[in-house]
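Peer 1:
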Amino acid sequence: MEKVSSLYKSMSKEILFQKADHYEVSLCQRLNRMGYYRAIRLFFKAVSRLGDGVFWYSLALCMPFFLGFKEGLAAVAHITVTALICVAIYSQLKNRLVRQRPFISFKDIQAHTAPLDLYSFPSGHTMNAVNFAILFSWFYPPLLPLAVTFAILVALSRVILGMHYPTDVLVGTLLGATIAYVSLKLAPQGMFISFI
Numbered sequence: 003m004e005k006v007s008s009l010y011k012s013m014s015k016e017i018l019f020q021k022a023d024h025y026e027v028s029l030c031q032r033l034n035r036m037g038y039y040r041a042i043r044l045f046f047k048a049v050s051r052l053g054d055g056v057f058w059y060s061l062a063l064c065m066p067f068f069l070g071f072k073e074g075l076a077a078v079a080h081i082t083v084t085a086l087i088c089v090a091i092y093s094q095l096k097n098r099l100v101r102q103r104p105f106i107s108f109k110d111i112q113a114h115t116a117p118l119d120l121y122s123f124p125s126g127h128t129m130n131a132v133n134f135a136i137l138f139s140w141f142y143p144p145l146l147p148l149a150v151t152f153a154i155l156v157a158l159s160r161v162i163l164g165m166h167y168p169t170d171v172l173v174g175t176l177l178g179a180t181i182a183y184v185s186l187k188l189a190p191q192g193m194f195i196s197f198i
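To convert, count from 1 in the sequence shown and add 2; that's this note's numbering.
(1) Using a 10 Å radius around the Cβ and a threshold of 16 neighbouring Cβ atoms, would you call Pro168 buried or exposed?
(2) Rank Met165, Phe67, Ala90 by C-alpha distance to the C-alpha of Arg51 and give the top, closest one.
(3) Pull up the DSSP beta-bridge partners for Tyr121, would you.
(4) Please return the same chain residues whose Cβ sits closer than 6 Å to the Cβ of Ala131, not counting the five positions on each side in sequence.
(5) Taking Tyr39 as part of the alpha helix (DSSP H), name the residues at either end of that continuous run.
(6) Between the Cα of Met129 and those of Leu172, Phe45, Ser139, spot the shortest distance and give me the residue it belongs to.
(7) Considering only C-alpha positions, which residue in the set Leu63, Ala79, Ala113 is nearest to Arg35?
(8) DSSP state of Pro190, grouped into three classes?
(9) Count the CB pairs spanning the region 136 to 154 and the region 88 to 106 that are closer than 8 Å, and state whether there are at least three.
(10) What's the C-alpha gap between Val100 and Asp170?
(11) When burial is assigned at 16 or more other CB atoms within 10 Å of the CB, is Gly70 buried or exposed?
(12) For the putative contact between Phe138 and Ala149, defined by C-beta atoms under 8 Å, what is the C-beta separation to the nearest angstrom?
(13) Quick check on this structure: which residue in Thr84, Ser60, Phe67, Ala116 has the alpha carbon closest to the alpha carbon of Ile162?
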């Protein structure tokens, strides 16, 4: 009985994603075609690559200079904890929901970069980018325009490069924002402020 229930759940997920994939494929194709232009492809590959962590690590290194050593370190520690939560959540969801990436499901969508894994739902890059953009902007408001603009470019890059569907990015955005919001609701000054 348990095996039948598990099979039913697996088939339900597959059917749900197949329907969603077909609704989204035309938008995916249009955005993915932008990657045929070399300059656009290289730009969004660079954005996506920086979104792997380099951009955010660079901001983290600057926080002690922006806020002072102790406050900056406390802010970075808070952001690091939420980043680890993001990674744990999207890894679990990807492995359980197993939605294939657009370039795997549709031949006319090209992978303009190498995937980190096979599955696309939700977008981990977007989830982390939104979480980081909110938190860096909260702890040091002058970073808001830079962090938000970069997070939007990361989200867009994932569809243009053929790695994600728009709903992957949308759900990644919602999850990243929720994690950042809850962390700030619980500790508006940062979860490590009492150690300063």
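Where a beta carbon is used, it is the ideal one built from N, C-alpha and C, also for glycine.
As the structure is a prediction and not an experimental result, all values here were calculated from the model.
Peer 2: With the given structure in hand:
(1) Position 166 of the sequence shown, counted from the start, is the residue given in the question as residue 168. Classified as buried, Pro168 has 16 or more neighbouring CB atoms from the shown chains inside 10 Å of its CB.
(2) Here residue 51 refers to the residue found at position 49 when the sequence shown is read from its first residue. With distances taken between Cα atoms, Arg51 lies closest to Met165.
(3) Here residue 121 refers to the residue found at position 119 of the sequence shown. Looking at the DSSP output, Tyr121 sits in a beta bridge with Gln102.
(4) Here residue 131 corresponds to residue number 129 of the sequence shown, with the count starting at 1. The residues are Gly53, Ala153, Val156.
(5) Counted from its first residue, the sequence shown places residue 39 at position 37. Neither: Tyr39 is in no alpha helix (DSSP H) and is coded neither H nor E.
(6) Within the sequence shown, residue 129 is the residue found at index 127, counting from 1. Ranking the options by Cα distance to Met129, first place goes to Leu172.
(7) Numbered from its first residue, the sequence shown carries residue 35 at position 33. The candidate whose alpha carbon is nearest that of Arg35 is Ala113.
(8) The residue given as residue 190 occupies position 188 in the sequence shown. Coil at Pro190, not helix or strand.
(9) The answer is no - the region 88 to 106 does not touch the region 136 to 154, with fewer than three Cβ pairs under 8 Å.
(10) The residue given as residue 100 occupies position 98 in the sequence shown. The residue given as residue 170 occupies position 168 in the sequence shown. C-alpha separation (whole angstroms): 12 Å.
(11) Residue mapping note: residue 70 aligns to position 68 of the sequence shown, counting from 1. Its Cβ having fewer than 16 others within 10 Å, Gly70 is exposed.
(12) The residue labelled residue 138 in the question sits at position 136 within the sequence shown. The residue labelled residue 149 in the question sits at position 147 within the sequence shown. Rounded to the nearest angstrom, the Cβ distance from Phe138 to Ala149 is 5 Å, consistent with a contact under 8 Å.
(13) Looking up residue 162 in the sequence shown gives position 160. Residue Ala116 is the option with its Cα nearest to Ile162.
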